[in-house]
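Q:
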Amino acid sequence: MSKPLFQDADPTTEILVKLGELGASVEHLLRDFGDEKIAARDNRAAMHRRLDEQARELSALKTELTLSRQVVEDLAKTQADTVLPAVGEWRDMKTTGLRIVGVLAIGGISLGATMAWFSDQAVSLLRHWLRIG
Numbered sequence: 002m003s004k005p006l007f008q009d010a011d012p013t014t015e016i017l018v019k020l021g022e023l024g025a026s027v028e029h030l031l032r033d034f035g036d037e038k039i040a041a042r043d044n045r046a047a048m049h050r051r052l053d054e055q056a057r058e059l060s061a062l063k064t065e066l067t068l069s070r071q072v073v074e075d076l077a078k079t080q081a082d083t084v085l086p087a088v089g090e091w092r093d094m095k096t097t098g099l100r101i102v103g104v105l106a107i108g109g110i111s112l113g114a115t116m117a118w119f120s121d122q123a124v125s126l127l128r129h130w131l132r133i134g
């Protein structure tokens with residue numbers, strides 16, 4: 002058997018001391034469980050705050066994305082309405098300019114060839130008239 006706590010103590014006193022120790026242990030366990038419950042509650046509250054913040058940020062992101070999409074659609078419509086017709090007109094002017102340059106080039110070559118032929122004829126006529134050669 003175990004050695005008595007007090008030499009002159011009776012077994013009832015020893016039982017009461019052991020019950021007191023057991024009660025203190027139970028109180029200590031209850032305090033530990035209570036602390037863990039509080040910590041768990043705080044952790045859950047922090048997690049819910051973070052989830053709520055994520056939901057708010059996601060909602061703001063969706064709103065911003067919707068607005069950005071609308072801006073892009075408006076820019077595309079503006080481009081289709083104003084820029085593309087101007088670009089088409091510019092291409093038409095460029096094509097017309099290239100055609101005019103082509104006609105002038107062909108005309109210049111033709112005029113040059115005609116002038117060369119006429120100059121040869123004029124030289125022949127002038128030699129014949131001056132009776133050279």
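Numbering (our numbering), first residue to last: 2 to 134.
C-beta atoms are modelled at their ideal positions from N, C-alpha and C, and glycine is treated no differently.
Can you give the Cα-Cα distance for LEU126 and GLY109, rounded to whole angstroms?
A: As a first step, residue 126 is located in the sequence shown; it is residue number 125 there, counting from the start. As a first step, residue 109 is located in the sequence shown; it is residue number 108 there, counting from the start. Whole-angstrom Cα-Cα distance: 25 Å.
Q: With DSSP as the reference, label ASP121 as helix, strand or coil.
A: Counting from one through the sequence shown, the residue named residue 121 turns up at place 120. Note: ASP121 maps to helix in three-state DSSP.
Q: Would you report the Cα separation of GLN55 and MET48, rounded to the nearest angstrom?
A: One-based indexing of the sequence shown puts residue 55 at position 54. One-based indexing of the sequence shown puts residue 48 at position 47. Going from the Cα of GLN55 to the Cα of MET48 covers about 10 Å.
Q: Could you give the first and the last residue of the continuous alpha helix (DSSP H) run that contains VAL73?
A: For this step, residue 73 is matched to residue 72 along the sequence shown. First-last of the alpha helix (DSSP H) with VAL73: 12-79.
Q: Pick helix, strand or coil for ARG132, following the three-state DSSP scheme.
A: The residue given as residue 132 occupies position 131 in the sequence shown. Note: ARG132 maps to coil in three-state DSSP.
Q: Return the chain-ordered list of same chain residues with a C-beta closer than 8 Å to the C-beta of PRO86, the five sequence neighbours on each side being excluded.
A: Your numbering for residue 86 matches position 85 in the sequence shown. Around PRO86: no qualifying Cβ.
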